[in-house]
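Participant:
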Amino acid sequence: MASVQELAEEIVAREGGFVNDPGDPGGATNFGVTLATLRRLGMDLTGDGQVGEEDVLRLTKEQAVQIFIRHYFEMPNLGALPTSLHPDLFDMYVNAGANAVKVLQRLLTQMGFACDDDGVVGPATIRAAQLAQEAAPDYLADAYAIARRNYYYALADARPASRKFARRRDGGKGGWITRAEVFISARYRLSEAQHRARVAAWA
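Here the sequence shown is numbered in the working numbering, starting from 113 and rising by one per residue.
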(Lines of atoms letter the chains of each structure in order from A and count residues from 1; the text may use other names and numbers.)
(Lines give C-alpha, C1' and ligand atoms only; values in the text may rest on other atoms or scores of the structure.)
Protein backbone atom coordinates (compact mmCIF):
# COMPACT_ATOMS: atom_id res chain seq x y z
CA MET A 1 0.00 0.00 0.00
CA ALA A 2 1.34 3.43 -0.95
CA SER A 3 2.18 5.91 1.81
CA VAL A 4 0.09 9.03 2.35
CA GLN A 5 2.97 11.07 0.93
CA GLU A 6 2.97 8.93 -2.23
CA LEU A 7 -0.81 9.17 -2.54
CA ALA A 8 -0.64 12.95 -2.24
CA GLU A 9 2.08 13.12 -4.91
CA GLU A 10 -0.08 11.01 -7.22
CA ILE A 11 -3.04 13.34 -6.65
CA VAL A 12 -0.93 16.38 -7.50
CA ALA A 13 0.20 14.66 -10.70
CA ARG A 14 -3.42 13.90 -11.66
CA GLU A 15 -4.56 17.43 -10.89
CA GLY A 16 -1.99 19.04 -13.17
CA GLY A 17 -0.97 22.68 -13.20
CA PHE A 18 -2.77 26.01 -13.19
CA VAL A 19 -6.32 26.21 -14.56
CA ASN A 20 -9.05 28.82 -14.26
CA ASP A 21 -12.11 27.39 -15.97
CA PRO A 22 -15.15 29.73 -15.71
CA GLY A 23 -17.39 26.65 -15.59
CA ASP A 24 -15.58 25.18 -12.60
CA PRO A 25 -17.05 26.33 -9.26
CA GLY A 26 -13.57 25.93 -7.75
CA GLY A 27 -12.22 28.85 -9.75
CA ALA A 28 -8.47 29.40 -10.10
CA THR A 29 -6.66 26.18 -9.18
CA ASN A 30 -3.05 24.99 -9.22
CA PHE A 31 -2.09 21.35 -8.58
CA GLY A 32 -5.66 20.90 -7.34
CA VAL A 33 -5.41 23.64 -4.69
CA THR A 34 -8.03 26.36 -5.13
CA LEU A 35 -7.81 30.07 -4.45
CA ALA A 36 -10.47 29.60 -1.77
CA THR A 37 -8.23 27.07 -0.01
CA LEU A 38 -5.23 29.41 -0.06
CA ARG A 39 -7.40 32.18 1.35
CA ARG A 40 -8.75 29.91 4.06
CA LEU A 41 -5.20 28.97 5.01
CA GLY A 42 -3.95 32.54 4.76
CA MET A 43 -1.19 31.61 2.32
CA ASP A 44 0.05 34.96 0.99
CA LEU A 45 2.84 33.57 -1.19
CA THR A 46 3.60 36.88 -2.90
CA GLY A 47 3.88 38.79 0.37
CA ASP A 48 1.65 41.62 -0.84
CA GLY A 49 -0.81 41.35 2.04
CA GLN A 50 -3.51 39.71 -0.08
CA VAL A 51 -4.26 36.20 -1.28
CA GLY A 52 -5.20 36.22 -4.95
CA GLU A 53 -4.70 34.48 -8.27
CA GLU A 54 -0.98 35.30 -8.31
CA ASP A 55 -0.57 33.30 -5.10
CA VAL A 56 -2.25 30.33 -6.79
CA LEU A 57 0.28 30.63 -9.62
CA ARG A 58 3.18 30.75 -7.13
CA LEU A 59 2.14 27.56 -5.36
CA THR A 60 4.66 24.71 -5.73
CA LYS A 61 4.01 20.99 -6.06
CA GLU A 62 5.64 20.40 -2.70
CA GLN A 63 3.37 22.93 -1.00
CA ALA A 64 0.33 21.35 -2.63
CA VAL A 65 1.36 17.91 -1.39
CA GLN A 66 1.70 19.15 2.17
CA ILE A 67 -1.65 20.98 2.02
CA PHE A 68 -3.35 17.80 0.86
CA ILE A 69 -1.76 15.60 3.52
CA ARG A 70 -2.58 17.98 6.37
CA HIS A 71 -5.94 19.40 5.37
CA TYR A 72 -7.44 16.69 3.16
CA PHE A 73 -6.22 13.51 4.86
CA GLU A 74 -5.10 14.10 8.44
CA MET A 75 -7.61 16.73 9.56
CA PRO A 76 -10.66 14.90 8.11
CA ASN A 77 -9.41 11.75 9.91
CA LEU A 78 -9.34 9.62 6.74
CA GLY A 79 -6.50 7.56 8.19
CA ALA A 80 -8.95 6.02 10.69
CA LEU A 81 -10.79 4.28 7.84
CA PRO A 82 -9.74 0.98 6.19
CA THR A 83 -6.57 1.38 4.17
CA SER A 84 -8.24 -0.12 1.09
CA LEU A 85 -10.28 3.09 0.87
CA HIS A 86 -7.41 5.54 1.29
CA PRO A 87 -6.32 6.05 -2.35
CA ASP A 88 -9.79 6.76 -3.73
CA LEU A 89 -11.24 8.50 -0.69
CA PHE A 90 -8.23 10.82 -0.39
CA ASP A 91 -8.38 11.62 -4.10
CA MET A 92 -12.08 12.38 -3.97
CA TYR A 93 -11.72 14.47 -0.80
CA VAL A 94 -9.30 16.71 -2.68
CA ASN A 95 -11.78 16.89 -5.55
CA ALA A 96 -15.08 17.16 -3.66
CA GLY A 97 -14.38 17.85 0.02
CA ALA A 98 -16.65 16.32 2.63
CA ASN A 99 -18.90 14.95 -0.12
CA ALA A 100 -16.28 12.20 -0.47
CA VAL A 101 -17.13 11.02 3.04
CA LYS A 102 -20.87 11.44 2.47
CA VAL A 103 -20.65 9.13 -0.56
CA LEU A 104 -18.95 6.55 1.64
CA GLN A 105 -21.47 6.95 4.46
CA ARG A 106 -24.40 6.44 2.11
CA LEU A 107 -22.73 3.37 0.66
CA LEU A 108 -22.11 1.92 4.11
CA THR A 109 -25.76 2.44 5.02
CA GLN A 110 -26.85 0.74 1.78
CA MET A 111 -24.59 -2.19 2.71
CA GLY A 112 -26.39 -2.55 6.03
CA PHE A 113 -23.92 -0.66 8.24
CA ALA A 114 -25.89 2.46 9.02
CA CYS A 115 -24.27 5.79 9.77
CA ASP A 116 -25.28 9.41 9.27
CA ASP A 117 -24.21 11.01 6.00
CA ASP A 118 -22.82 14.12 7.69
CA GLY A 119 -19.43 14.12 5.97
CA VAL A 120 -17.59 13.66 9.27
CA VAL A 121 -15.36 10.65 9.99
CA GLY A 122 -16.43 9.92 13.55
CA PRO A 123 -16.69 6.73 15.63
CA ALA A 124 -19.91 5.51 13.97
CA THR A 125 -18.52 5.92 10.46
CA ILE A 126 -15.22 4.30 11.41
CA ARG A 127 -17.02 1.31 12.93
CA ALA A 128 -19.38 0.97 9.96
CA ALA A 129 -16.45 1.06 7.54
CA GLN A 130 -14.55 -1.55 9.53
CA LEU A 131 -17.57 -3.86 9.52
CA ALA A 132 -18.05 -3.35 5.78
CA GLN A 133 -14.38 -4.11 5.16
CA GLU A 134 -14.65 -7.32 7.18
CA ALA A 135 -17.83 -8.32 5.35
CA ALA A 136 -16.57 -7.55 1.85
CA PRO A 137 -12.78 -7.19 1.93
CA ASP A 138 -12.39 -7.76 -1.81
CA TYR A 139 -15.21 -5.45 -2.89
CA LEU A 140 -15.46 -2.41 -0.61
CA ALA A 141 -12.92 -0.31 -2.51
CA ASP A 142 -14.60 -1.07 -5.84
CA ALA A 143 -18.03 -0.38 -4.37
CA TYR A 144 -16.85 3.01 -3.16
CA ALA A 145 -15.27 3.87 -6.50
CA ILE A 146 -18.48 2.94 -8.31
CA ALA A 147 -20.49 5.09 -5.87
CA ARG A 148 -18.08 7.94 -6.61
CA ARG A 149 -18.61 7.53 -10.33
CA ASN A 150 -22.38 7.55 -9.80
CA TYR A 151 -22.05 10.73 -7.72
CA TYR A 152 -20.39 12.52 -10.63
CA TYR A 153 -23.03 11.36 -13.11
CA ALA A 154 -25.78 12.52 -10.75
CA LEU A 155 -24.05 15.87 -10.26
CA ALA A 156 -23.94 16.37 -14.02
CA ASP A 157 -27.56 15.24 -14.32
CA ALA A 158 -28.57 18.03 -11.96
CA ARG A 159 -26.14 20.72 -13.17
CA PRO A 160 -25.86 21.03 -16.96
CA ALA A 161 -22.83 23.33 -16.64
CA SER A 162 -20.89 20.44 -15.09
CA ARG A 163 -21.60 17.97 -17.88
CA LYS A 164 -18.42 18.88 -19.73
CA PHE A 165 -16.49 17.37 -16.81
CA ALA A 166 -18.31 14.04 -17.15
CA ARG A 167 -18.61 13.85 -20.95
CA ARG A 168 -16.11 14.94 -23.56
CA ARG A 169 -17.15 16.94 -26.63
CA ASP A 170 -17.06 13.74 -28.67
CA GLY A 171 -19.39 12.03 -26.19
CA GLY A 172 -16.72 9.91 -24.51
CA LYS A 173 -15.91 9.74 -20.83
CA GLY A 174 -14.98 13.08 -19.31
CA GLY A 175 -12.36 13.78 -16.68
CA TRP A 176 -14.58 13.11 -13.69
CA ILE A 177 -15.51 9.66 -14.94
CA THR A 178 -12.05 8.61 -16.07
CA ARG A 179 -10.63 9.81 -12.76
CA ALA A 180 -13.17 7.79 -10.78
CA GLU A 181 -12.46 4.72 -12.89
CA VAL A 182 -8.74 4.87 -12.07
CA PHE A 183 -9.79 3.28 -8.78
CA ILE A 184 -12.28 0.77 -10.21
CA SER A 185 -11.22 -2.74 -11.20
CA ALA A 186 -11.32 -3.20 -14.98
CA ARG A 187 -14.31 -5.56 -14.83
CA TYR A 188 -16.48 -2.82 -13.27
CA ARG A 189 -15.52 0.01 -15.61
CA LEU A 190 -18.15 1.14 -18.08
CA SER A 191 -17.62 0.46 -21.74
CA GLU A 192 -17.82 3.45 -24.06
CA ALA A 193 -21.24 2.26 -25.17
CA GLN A 194 -22.46 2.02 -21.58
CA HIS A 195 -21.17 5.50 -20.82
CA ARG A 196 -22.81 6.96 -23.90
CA ALA A 197 -26.10 5.31 -22.96
CA ARG A 198 -25.81 6.77 -19.45
CA VAL A 199 -25.43 10.33 -20.75
CA ALA A 200 -27.73 10.05 -23.77
CA ALA A 201 -30.43 12.15 -22.15
CA TRP A 202 -28.15 15.14 -21.73
CA ALA A 203 -28.59 17.94 -24.22
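For glycine and all other residues, C-beta sits at the position ideal for the given N, C-alpha and C.
A quick note: this is a predicted structure, and the numbers were derived from the prediction, not measured.
Can you give the Cα-Cα distance for N262 and D160, rounded to whole angstroms?
Facilitator: A straight-line Cα-Cα distance of about 43 Å links N262 and D160.
Participant: May I ask you to report which of helix, strand or coil DSSP gives N132?
Facilitator: coil
Participant: With burial defined as no fewer than 16 other Cβ atoms inside 10 Å of the residue's Cβ, what is the status of D133: buried or exposed?
Facilitator: exposed
Participant: Using CA atoms only, rank isn't needed, just tell me which of A298, R275, S303 is closest to A315.
Facilitator: R275
Participant: Quick check: what's the CA-CA separation for Y300 versus S196?
Facilitator: 17 Å
Participant: My assumption, with CB atoms under 8 Å, is that V215 sits in contact with A259. Please give the rounded CB distance.
Facilitator: 5 Å
Participant: Please name the residue in A305, V206, A312, A257 whose C-alpha comes closest to that of S297.
Facilitator: A257
Participant: Look at the alpha carbon of F180 and the alpha carbon of R239, and state the distance between them as a whole number of angstroms.
Facilitator: 25 Å
Participant: Run through DSSP, which three-state label would N142 get?
Facilitator: strand
Participant: Check whether the stretch 228 to 242 touches the stretch 141 to 155, counting contact only when three or more Cβ pairs, one atom from each stretch, lie closer than 8 Å.
Facilitator: no
Participant: Helix, strand or coil for R280 per DSSP?
Facilitator: coil
Participant: Got a sec? Which residues, its chain only, sit under 7 Å from A292 by beta carbon, not counting five neighbours each side?
Facilitator: A257, R260, R261, Y264
Participant: With respect to the alpha helix (DSSP H) encompassing L220, which residues constitute its N-terminal and C-terminal limits?
Facilitator: 211 to 222
Participant: Count the other C-beta atoms from every protein chain shown that fall within 10 angstroms of the C-beta of T158, then say buried if there are 16 or more, exposed otherwise.
Facilitator: The C-beta of T158 has fewer than 16 other C-beta atoms within 10 Å across all chains shown, which makes the residue exposed.
Participant: Considering just the uninterrupted stretch of the alpha helix (DSSP H) at E186, what are its terminal residues?
Facilitator: It is not in any alpha helix (DSSP H) - E186 carries neither H nor E in the DSSP assignment.
Participant: Could you give the residue range of the alpha helix (DSSP H) that holds G287?
Facilitator: 287 to 293
Participant: Which residue marks the beginning of the alpha helix (DSSP H) containing I258, and which one marks its end?
Facilitator: Where I258 is concerned, the enclosing alpha helix (DSSP H) stretches over 252 to 270.
Participant: Check whether the stretch 164 to 176 touches the stretch 189 to 203, taking contact to mean three or more Cβ pairs, one atom from each stretch, closer than 8 Å.
Facilitator: no
Participant: Please report the residue range of the alpha helix (DSSP H) in which R299 lies.
Facilitator: Counting along the chain, R299 falls outside any alpha helix (DSSP H), and DSSP gives it neither H nor E.
Participant: So, do the stretch 170 to 178 and the stretch 207 to 221 have three or more beta carbon pairs nearer to each other than 8 Å?
Facilitator: no
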